[in-house]
Structures are given as structure tokens and as C-alpha cells.
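Here the structure comes first, spelled out in C-alpha cells, and everything after it is commentary.
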Amino acid sequence: MKQVYSRPKSLKRVWMHYCPGCGHSITHRLIAELLDEMELQDKAICIPPPGCSVLAYNYLDIDMVEAPHGRGAAVATGIKRVRPECLVFSYQGDGDLAAIGTAETLHAANRGEFVTAIFVNNAVYAMTGGQMAPTTLSGQKTTTSPYGRNPQTDGKPIKMSEILSAFDGTSYLERVAVNNPKNIRRTKKAIRKAFEHQIDKKGFSLVEILSPCPINWKMDPLKACEWIDEVMTKEFPLGVIKEV
Amino acid sequence: MNGASAIGESAIQAGCKFYFGYPITPQNELPEYMSRRLPEVDGGVFLQAESELSAINMVLGASAAGARVMTSSSSPGISLKQEGISYIAAQELPAVIVNVVRGGPGLGHIAFSQADYFQSTRGGGHGDYRTIVLAPNSVQEMADMTFRAFDLAEDYRTPVLVLGDGILGQMMEPVVIPEAKEDLVPVTKDYIVTGAKNRESRVIKSFFVEGKDLEEHNWKLFRKYKRIEENEVRCERYMLEDAEMVVVAYGTAARIAKGAINRLRSEDGDVKIGMIRPTTLWPFPSEVIKDVSRQITDFFVFELSMGQMIDDVRLALDGGGHIHFYGRPGSVVPTPSELARIMARHYHKAQRREKG
């Protein structure tokens, strides 16, 4: 019988700790499938962030270097400059990449570092208990915006992918989501493209993944997936933002 | 050659091919030197980062990937690097960090100071860790200690600070740069990330979910620091044989003190002062001071700060001896003759006390 589905070799045989309905486990699996398919497992180095996905090193069976909060792009730069033959990618959340690590992200992109950022945007600081993130939507309630994000005082959600598209150093930027099978397939294609851009030395690549966080959004997993379609994509439209 | 350039060339000879930094006075001669020299080195990379935070994290990445790597800065910039230094210490990665100390606190002054002693010798960032701190006092020592710093960093897998100051970084002296290392094979390190080819995947991390795992990790670091304390203490002993008072000073302050000691000895043979000059500030030569205190009871601590190393001298003497102190906050340099007058005053006071 033809085998059509199995655990990717780049994924360790352990249970994941992620909450029910969380997008990290799907994204981890997509990365593992791609590392297998593109035969990159033995060349890959991932930089996981502080946050829920700090434990990515328990799941992805590749070399990993944990970065301080926000410094993924700088750590990736250091690694890639020493080992240009490796596939180097950071795995970062919205607070990490778009708030505390904004400078590192923008400058790595502007230098056109041949690295890839997997940017998981779930509109909250999840690990710390659901505080307001730079990508929290206007009006969205979080533990530090209990009356809803007020654009007058908090600003509007930051669109990192659009900002990065202005830099000559970036070569592939796409926003995707992991909330339904069609979008998940699209996400896998986007990550493949981003990795290819790195390997072909075209420039800095980033895939922004809208990812459900049912616990902190206080929704059931299905509703969280619908909320991405109905609300989140209105602020963060899906699609290729830049391809060189 | 100026001190900053001597550090740069010595680092390159020690096999450092990667430098990440951000401009700040008075250490710009070092990144400028590296930006000229590293492109001439096979595989050499000079990168001017967008901030000190980025620079130290690039160091973290490059070290994790197996390279000999260096960054440098001056006091305010070193404060910014403390986050990364804590992670590098926790992740047990080698790194060489040069601090060309300037006046503080805050923006302070662009000239020299020794006010970063506490920050350097007490870890500096968050958490229970130490960094090896080397304290040169000449351009030659800047070169020699930088060279040695790379070996120490790799031997103990820990960040090493070379603590200069604005005078040492900019002054020019003749220097012999240590000879290049031929047989550097960084890939033999068994912890670095290279892509998990024909081996199990590796993780370089400092986060521990289980409290007991973090406790064990800290015990492991502590045992390493004990080994460093046992093996790596270095200091210069100067004219201690007949001395009746001992100056404890390091770096630029020790140069001034040596001038003052020589002046007093040549002018007035009765004033017999020697010196202990720590060349490692952590680990600190506590045992040497304790040993010397069995013969000599008066210790004159001279620092270009308002008194930081004096705490380590107090700890070394453990209630014994008599401590004298002269501190200047830095940025204004006392001359050897000025210091000699002050030292002589303390010396005679101690003599009167002894004679009762």
C-alpha cells in the first residue's frame, strides 16, 4: 500500500506541549516536512525565541540556538556569516520580531542577510498570558488593553511585512495563515519559497503566519480559526507582499 | 601602535575572523582597524551592527557556529551588551569582549576611567555568573592578553573581558604582536551548530523548564568558576621584598602608582612601598594579598573610581590589615608626583602608628 502520510523525520517523536488549537504545532510540522523534502535537515540551524515556541528545540530534530528576546535576526546573522552553507532561520513571534526586536529585524533585512524569518503573528504575547502585542488589532481586548486597543494612544497594529518590503535587501515576503487546510498548504509553499530564496542568495526572506491562539483569544479552536478569516485578515491581508 | 589597534591585530593573529561592533568613543580605533584588516583575512567578516545589543547577539550566533569572535565597546555600550553577555555565559559559549572604559555614570565623559570594575567583575548582567576579566596596563599587554583571552574563552567556554580604558586604548607604544596560530580547527568543538550531519542534533540554550535542571546548570557553572579561581589568577608583584606598604592598583592606575613608587624610592630611600597589580580582576588575587598581609599590614588601594576594587581587597584581608584609599573618578589623571605625595603621607601615618 502506498504510504501517504507519516511523521516527518525532522520532527522528534515526542508529544508537543502546545495548547489545543495552537498554530505552532502545525507550523513546526510544515517546517519539518519541508526540511525532509528539500533534504535540509543536516544543514538547518533554527533560532527559537523566548515564548511558547522556545521549546521548538524539543520538537524539530535539527541544530538549534536559543536567542534572547527579539535578537533572532542578530543571532541568525552571526551564525549565517560563519556558516553560509547552512540554512539559517529564526522562528519568532510578533512581540519578539515586531516590538523588542524591531531594530534587529529591520537591519538584518536591510543588509539582505541570507536568512529566513518564520514570523508567527497571533496578535498577543501568548506565553506571558495574553498581553497587547504590536500586532494586536484595534479594539482587541487583551490583559493589558482591557478596554480594547486604542489606536489613539497605542497606535495601530504594525504591518512588518509591508514595512520590510521597502528594503532592497528583502527578496521574499508573504503573509499566510494556518487556520484551514487550504491556507496551511499555502503556508507550506510560502516557507518553501522563502527557504529557496535563502539558498539562492536572493536576499532576506520572511513568512508571516497568522496563527490562532484560542486560549488567549478566549475562543474555542474553531472560532479562533474563523476569527482569522473574519477579522484578522481584514487588517493583515494574505498574499505575496514581495517577490524578487 | 595604539592600544586599540594592538588588540585588533592580536585578535586576528589569535584566529579571530569575526568582529561585530558599534561605534563609541574612545574605542573607535578598534572597529576601524578591524574594518580595514578583516577583509584581508581569508573568511574574515567585519560587520558594523545597528546597536550594541545586535553586535553582542551576532557574537553569540557566530560563537555558537564555532568561530573565534570578538566585539568591543566602551562603558555605555558595554551596559547594553550585558543582556547578551549573560546569555553567552549561560549558554557556555566562548567570546572576547573588549571594554575601553570611559567616565560614567550615564553618558559621562569620553576619557578614561576605572568605574566599570563592579560591572565587569560581578557578572554585569542578570543571573549568577562571572566573566574572566583581564586588566592590561600597556599596549604590549593589550596585545598579549587579547591573544590569551581567546584561549581562556575556549578552554572554559565562557565570555572573557579585556578591560582597558581610554588612555590604554589610544596611547602608542612599541609592541610585539603574538604570532599567529596555525593549527586552529574550530570544528572539533563538540557543542557548536553546523547542521546535524552524521550526528545527533544539538541545542544551545539557557532556558530550563524544570527548576531542578536550572539548579544543576547553575551548579555546573559554579564548578567551572571554582576551576577558574583555582587556575587563572594572575598578578604582578612589584618591589615587595622590603616594602612596608603595598599599593593595590590595576591598569592605568598601576602605571601611575609605579611611577610614584619609583619616585619615592629614588628621592627618599626611607619610603619603601611595593605593589600588587592584579592582571586578572576576576578571578581576583585574594590569596596573594592575604599571603602578603602576613608580612605587610598596610595596603594602599588606588583606583580611578571612587572605590570599587577596594571591596575585593577588604574581602581578601578579611578584617585584617590597614586599608588606605585614594580614588579619583577618572577623566582627570593625577600625576605620579601628586600620587607620590599622597602615598608618602599615608606611609608616614602608618609608620607613626606602628611606632606608637
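Here the protein sequences come in this chain order: A and B.
If you read the first sequence in numbering that gives the first Met the number 0, its first letter stands for residue 0, the second for the next number, and so on.
If you read the second sequence in numbering that gives the first Met the number 0, its first letter stands for residue 0, the second for the next number, and so on.
Where a beta carbon is used, it is the ideal one built from N, C-alpha and C, also for glycine.
Taking the CA atoms as reference points, A:GLU103 sits about 30 Å from B:THR187. For A:TRP226, the secondary structure class from DSSP, reduced to helix, strand or coil, is helix.
The C-beta separation of A:LYS201 from A:SER164 comes to about 14 Å, leaving the pair out of contact by the 8 Å criterion. Judged by DSSP secondary structure, A:GLN91 falls within the beta strand (DSSP E) whose first and last residues are 86–92.
Residues of the segment 38–49 of chain A with a C-beta less than 8 Å from any C-beta of chain B: GLN40, ASP41, LYS42, ALA43, ILE44, ILE46 and PRO49, listed in chain order.
In this structure, the beta-carbon distance from B:THR296 to B:ARG233 does not fall below 7 Å. Straight-line spacing of the CA atoms in A:THR76 and B:TYR325 works out to 46 Å. With three or more CB-CB distances shorter than 8 Å, the segment 64–76 of chain B counts as touching the segment 91–107 of chain B. With a cutoff of 7 Å on beta-carbon distance, A:LEU29 and A:CYS45 are scored as not near each other. Taking all protein chains in view, the Cβ of B:SER265 is surrounded by fewer than 16 other Cβ atoms within 10 Å, so the residue is classified as exposed. The three-state reading of DSSP puts B:HIS216 in helix, counting H, G and I together.
Against chain A, a Cβ distance below 7 Å from B:ALA259 picks out nothing, because the smallest value is about 45 Å.
Around the beta carbon of B:PHE221, fewer than 16 other beta carbons lie within 10 angstroms, which makes this residue exposed. Around the Cβ of B:LEU92, a 10 Å sphere holds 16 or more other Cβ atoms; the residue is buried.
In the structure shown, B:VAL68 adopts extended strand secondary structure according to DSSP, grouped into three states. In the structure shown, A:HIS16 falls within a coil segment according to DSSP collapsed to helix, strand and coil.
Per DSSP, B:PHE206 lies in no beta strand (DSSP E) and is assigned neither H nor E.
Only residues of its own chain outside the window of five on either side were considered, and among them TYR116 and GLU302 have a CB closer than 6 Å to the CB of B:MET308, listed in chain order.
In terms of Cβ geometry, A:LEU86 and A:LYS140 do not form a close pair [threshold 7 Å]. In this structure, B:THR251 keeps its C-beta atom at 7 Å or more from the C-beta atom of B:ILE131. In this structure, B:SER85 lies near B:GLY124, with their beta-carbon atoms less than 7 Å apart. Within chain B, the residues PHE17, PHE19, LEU46, ASN56, MET57, VAL58, LEU59, GLY60, ALA61, SER62, ALA63, ALA64, ALA66 and VAL68 have their CB atoms less than 9 Å from the CB of A:GLY77, given in chain order. Nearest neighbour of A:ILE157 by Cα position, chosen from A:ALA97, A:PRO67, A:ALA72 and A:GLU242, turns out to be A:ALA97. Nearest neighbour of A:GLY94 by Cα position, chosen from A:ILE78, A:PRO48 and A:VAL177, turns out to be A:PRO48. Counting every other CB atom within 10 Å of its CB across the protein chains shown gives B:SER53 a total of 16 or more, marking it as buried. Under the rule that a run must span 4 or more residues, the alpha helix (DSSP H) segments found entirely inside the segment 269–311 of chain B read 285–291. At least one CB of chain B lies nearer than 7 Å to the CB of A:GLU65. Sixteen is the threshold: since fewer than 16 other Cβ atoms of the shown chains lie within 10 Å of the Cβ of A:GLN2, the residue is exposed. The Cβ of B:TYR86 sits closer than 7 Å to at least one Cβ of chain A.
DSSP lists A:LEU172 as the bridge partner or partners of A:LYS241.
For B:ALA89, no Cβ of chain A is located within less than 7 Å of the residue's own Cβ. Taking a Cβ-Cβ cut-off of 8 Å, the neighbours of A:HIS106 in chain B comprise ALA48, GLU49 and SER53, given in sequence order.
Taking CB atoms only, B:SER71 has no neighbour in chain A less than 7 Å away.
Of the candidates A:ASP228, A:ARG6, A:ASP62 and A:MET37, A:MET37 places its Cα closest to the Cα of A:PHE194. Here A:ASN57 carries a helix assignment [DSSP, helix/strand/coil]. The segment 37–102 of chain B contains, as complete beta strand (DSSP E) runs of 3+ residues, the segments 44–47, 68–72 and 94–102 (chain order).
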